[in-house]
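Enquirer: Protein chains in written order, with the working numbering: chain A, 30 to 141; chain B, 14 to 127. Heads up, the beta-carbon is just placed ideally off N, CA and C, and yes, glycines get one too. Note that the coordinates shown come from a computational prediction; the quantities given were computed from them, not determined experimentally. Quick one: structure below, then a few questions.
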Amino acid sequence: DQQVKQNSPSLSVQEGRISILNCDYTNSMFDYFLWYKKYPAEGPTFLISISSIKDKNEDGRFTVFLNKSAKHLSLHIVPSQPGDSAVYFCAAYNTNAGKSTFGDGTTLTVKP
Amino acid sequence: NAGVMQNPRHLVRRRGQEARLRCSPMKGHSHVYWYRQLPEEGLKFMVYLQKENIIDESGMPKERFSAEFPKEGPSILRIQQVVRGDSAAYFCASSPIDSTDTQYFGPGTRLTVL
C-alpha cells in the first residue's frame, strides 16, 4: 500500500510558464510535508516544506499548497526555468515515527 | 560544514560477494536513514538508525541486509551474498536530533552486481 503517490511520472513545461507537481497521501498521521529535488547522479536536496497546520508556504518561485481534507499537496514553480529540470520527490513526515515516506517522483523538464 | 558523505560512489560486485556501503552524516547529526532507489523507481525507505540503535528497520529485506551506526565511525549498510536484484542506488540521509523532519542526503552509492 503506497501511502504517498505522485501520479504523474513526468511533466514538460515551457520556460517562463508555471509548473504544477501533485502529490496525494493516505495516512492521516503525516503532519509535515516536504519536496525534494534530485539531479542525475546526485542525492536529493531539500526544496520546501509545509506543516499540516498551514495550507500554503511560499519561498521565492516555489509555493507548496496543502489541502488536508483532500490529502493532497502540490508544488508550484513560477516562472519555470530550464535549471528546474530535475526529479521532484514529495515526502510526508510522521513525527511519531520520526521518518518520512517518499513518493516515486515526477521528472520535470523545462524547455527553453 | 561538510555534507553527508557516502563511499564508495560506485561499487561493483559479483553475485555472492558482500557489499559494504558507508555513510558519514553531517556534523552534529545523530539520525541516519538509508534508502534504496531501484531503476525507474522512487526512494524506498530501508532503515532508520541513531547512534548504536536501530529505530526502524521495517524497510529492510529480512535476509542478507544489515545496518549499523556505531558510537564511533560511519554508518554501514551491509549486503551479504549480493544478487543482481540488489543493483540500485543506495542513499543515506541524516538529520539533527531536534529536527528529524528535514533530511540531508548524501550523493549515493551506485551498486552494480554482475
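Counting only beta-carbon atoms, is residue 118 (chain A) nearer than 8 Å to chain B?
Expert: Chain B, which has a Cβ nearer than 8 Å to the Cβ of residue 118 (chain A), makes this yes.
Enquirer: With 8 Å set as the bound, which would you pick, yes or no: does the beta-carbon of residue 125 (chain B) sit closer than that to a beta-carbon of chain A?
Expert: No, residue 125 (chain B) does not count as interfacial toward chain A.
Enquirer: Can residue 117 (chain B) be considered in contact with the ligand MG, in the sense that its beta carbon sits closer than 7 Å to one or more heavy atoms?
Expert: The model on display carries no ligand, and the ligand MG is accordingly not part of it.
Enquirer: Could you give the DSSP three-state label for residue 113 (chain A): helix, strand or coil?
Expert: Helix at residue 113 (chain A).
Enquirer: Count Cβ pairs between the segment 38-56 of chain B and the segment 101-116 of chain B that sit closer than 8 Å; are there 3 or more?
Expert: Touching, yes, given that three or more Cβ pairs across the two stretches are closer than 8 Å.
Enquirer: Apart from the five residues just before and just after residue 11 (chain A), which ones in its own chain have a Cβ nearer than 7 Å to its Cβ?
Expert: The shown model of chain A, from 30 to 141, leaves out residue 11 (chain A), and the question about it has no answer.
Enquirer: Residue 113 (chain B) versus chain A: which residues are under 7 Å apart at the beta carbon?
Expert: The contacting residues are 127.
Enquirer: Taking the alpha-carbon positions, what's the residue 60 (chain A) to residue 130 (chain A) distance?
Expert: Whole-angstrom Cα-Cα distance: 12 Å.
Enquirer: With a cut-off of 8 Å, does the C-beta of residue 81 (chain A) fall near any C-beta of chain B?
Expert: Judged by the 8 Å Cβ criterion, residue 81 (chain A) is not in contact with chain B.
Enquirer: For residue 53 (chain A), which three-state DSSP category applies?
Expert: It is a strand residue.
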